[in-house]
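Chains as they are written, first to last, in the working numbering: chain A, 200 to 336; chain B, 200 to 336.
Structure first, then comments.
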DNA sequence: TTACGACTTCAAGTCAACTTGAGGTCAACC
DNA sequence: GGTTGACCTCAAGTTGACTTGAAGTCGTAA
């Protein structure tokens with residue numbers, strides 16, 4: 200067998216042992232077996248952890264991520280749900296781009312006070328307006 | 200005077216009263232004065248709240264946001280720091296784009312199991328590798 | 001005059017996602 | 001046979017960002 204012990208999983212996934220145990224506790228990952236008390240993991244756990252890590256950085260909660268897998272460990276969401284997720288991510292990307300543009304503007308703008316700079320305030324207003332529109336829809 | 204009371208600020212900013220009081224407690228916003236016990240805000244608080252809201256959605260903590268303002272309430276970070284922030288945001292945008300692409304792929308890919316689909320695994324690996332590279336730098 | 005609505009304080013509670021700490025197990029090496 | 005080192009459990013603690021609840025204060029309108 201090519202089972203991995205927790206230290207190996209930590210090294211290869213970058214996820215801490217305490218987090219791994221926590222994930223197991225909440226049912227997000229499972230260890231295949233034990234040797235004595237020690238958890239042994241199937242290598243596939245690494246892919247699963249990669250998905251988890253990525254989704255986390257995309258702002259998904261662990262609960263949401265858990266729902267992305269079915270009982271057999273496959274990624275299983277309907278195409279429609281996938282696209283819906285992708286759209287959410289897309290929206291967040293737009294917001295971040297607005298934020299980035301504002302930061303760049305502030306870095307370059309020679310105005311003594313940004314909050315008085317018309318183009319800054321305009322960027323700000325439109326960013327916030329867009330956000331509120333999204334939230335209320 | 201054109202001071203706003205808290206209800207007006209709530210309506211115009213979308214920030215809840217309890218959050219506003221909390222922000223005041225931690226020094227992130229201030230109320231200009233009181234009428235009896237009631238807080239009165241200067242209209243500028245709305246711009247400040249817009250900045251706060253936007254930065255929050257960009258993943259900045261309230262502590263980090265507080266540091267973006269100087270004592271007089273101006274946005275004041277060095278150009279260099281601004282660009283550094285913008286770079287961070289940029290990185291996050293890249294990650295989210297990778298995530299979005301993966302989601303779209305999963306939605307479209309006809310493979311029975313995504314975790315066995317070579318192009319999915321490839322997308323996943325490169326996304327995670329990029330992330331870890333960023334973290335370790 | 002009493003009732004209402006919009007505010008107030010302050011302490012405590014909540015939630016997610018972990019981390020920490022104390023005390024225990026176990027195989028392997030000196 | 002004693003000591004590492006790597007793991008284990010379980011309960012409790014932490015952090016950030018608020019929210020909630022109980023009890024109180026005001027101004028105004030019926």
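We treat Cβ as the ideally placed atom computed from N, Cα and C, and that holds for glycine.
DSSP puts residue i in a beta bridge; with which residues?
i                      : result
residue 274 of chain B : B:268
Let me know the secondary structure DSSP gives residue i once reduced to three states.
i                      : result
residue 261 of chain B : helix
residue 253 of chain A : helix
residue 202 of chain A : coil
Is it buried or exposed for residue i, if we count other Cβ within 10 angstroms and need 16 for buried?
i                      : result
residue 321 of chain B : exposed
residue 236 of chain B : exposed
residue 330 of chain B : buried
residue 194 of chain A : The requested residue 194 of chain A does not occur in the structure, where chain A is confined to residues 200 to 336.
residue 262 of chain A : exposed
residue 315 of chain A : exposed
residue 224 of chain B : exposed
residue 247 of chain A : buried
residue 333 of chain B : exposed
residue 257 of chain B : buried
residue 260 of chain A : exposed
residue 249 of chain A : buried
residue 299 of chain B : buried
residue 212 of chain A : buried
residue 234 of chain B : exposed
residue 230 of chain B : buried
residue 326 of chain B : buried
residue 297 of chain B : buried
Given the structure, does residue i come close to the ligand HEM, in the sense that its CB is under 7 Å from one of the ligand's heavy atoms?
i                      : result
residue 218 of chain B : In the structure shown, the ligand HEM is absent, as is every other ligand, since no ligand is present at all.
Q: Report yes or no: do the stretch 249-266 of chain B and the stretch 263-271 of chain A share at least 3 C-beta pairs separated by less than 8 Å?
A: Cβ pair count under 8 Å is below three, so no.
Q: Entirely within the stretch 209-246 of chain B and at least 4 residues each: give me those alpha helix (DSSP H) ranges in chain order.
A: Counting whole runs of 4 or more residues, the stretch 209-246 of chain B contains the alpha helix (DSSP H) stretches 216-224.
Q: Answer yes if the stretch 277-289 of chain A comes into contact with the stretch 239-248 of chain B, meaning at least three C-beta pairs across the two stretches below 8 Å, and no otherwise.
A: Touching, no.
**Q.** Contact the stretch 218-232 of chain A vs the stretch 201-208 of chain A: 3+ CB pairs below 8 Å
**A.** The stretch 218-232 of chain A makes contact with the stretch 201-208 of chain A, as at least three CB pairs between them are under 8 Å.
Q.
For a minimum of 4 consecutive residues, which ranges assigned as the alpha helix (DSSP H) are wholly contained in the stretch 266-333 of chain B?
A. DSSP assignment within the stretch 266-333 of chain B yields the following whole alpha helix (DSSP H) runs of 4 residues or more, N-terminal first: 278-307.
Q.
Could you check whether the stretch 287-304 of chain A touches the stretch 303-313 of chain B, counting it as contact only if at least three pairs of C-beta atoms, one from each stretch, sit closer than 8 Å?
A. Result no; under three Cβ-Cβ pairs closer than 8 Å.
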